[in-house]
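In what follows, a structure is listed as structure tokens, so that the remarks can point back to it.
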Amino acid sequence: MSTLDKVTIAQLLHALKQTWSFKSSSKWSMDNPSKGQCGVTSLVVNDILGGEIRKTPLFEGWHFYNMIHNTRYDFTESQFNESISYEDLPSNREEAFMDTNFNQYNYLKSSVLKELSKTE
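The sequence shown begins at 0 in numbering that gives the first Met the number 0 and counts up one residue at a time.
Structure below.
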């Protein structure tokens, strides 16, 4: 059984928090590490845990997150000061990729997988 077969939400969130950086989003800052990470994070979470990518319109534009076994997981909600009124609109990988690029995606995915491998 590989690490990905038994990864928990808590482990994945920890790995994301350890690896978000300017390399995964140009909006990243030390004060707000999840800023601008929603698209790239939703893609990596989808790769690891499956489920669906969902979106909600916000003032800044679309906000992406994940729906796994009918439960919403928004790993980047901490970037916002106000609570989100989720609409849970269906989305997909193509839309989420419009919020990132391959370099950011490849960096975050490989960094998260490396971080998760430390938990074996």
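We put the CB at the ideal spot given by N, CA and C, even for glycine.
Quick caveat, the model's predicted, so the values are computed rather than measured.
(1) Run the CB neighbour count on residue 107, radius 10 Å, all protein chains shown included, and call it buried at 16 or more, exposed below.
(2) Spell out the partners DSSP gives residue 54 in its beta bridges.
(3) Measuring alpha carbon to alpha carbon, tell me which of 50, 71 and 16 ends up nearest residue 36.
(4) Tell me whether residue 66 is buried or exposed, calling it buried when 16 or more other Cβ atoms sit within 10 Å of its Cβ.
(5) Should the segment 54 to 73 be called in touch with the segment 21 to 33, which here means at least 3 C-beta pairs below 8 Å?
(6) Just reading off the alpha helix (DSSP H) that residue 18 is part of, what are its end residues?
(7) Under three-state DSSP, which class holds residue 118?
(8) I need the boundaries of the alpha helix (DSSP H) containing residue 40, first residue and last residue.
(9) Pull up the DSSP beta-bridge partners for residue 104, would you.
(10) How about residue 103 and residue 23: do their beta carbons lie closer than 9 Å?
In this structure, then:
(1) buried
(2) 63 and 88
(3) 16
(4) Buried is the label assigned to residue 66, since at least 16 other Cβ atoms lie within 10 Å of its Cβ.
(5) no
(6) 8 to 18 is the span of the alpha helix (DSSP H), which, as asked, contains residue 18.
(7) coil
(8) Start and end: 37 to 48.
(9) Answer is none; residue 104 lacks a bridge partner.
(10) yes
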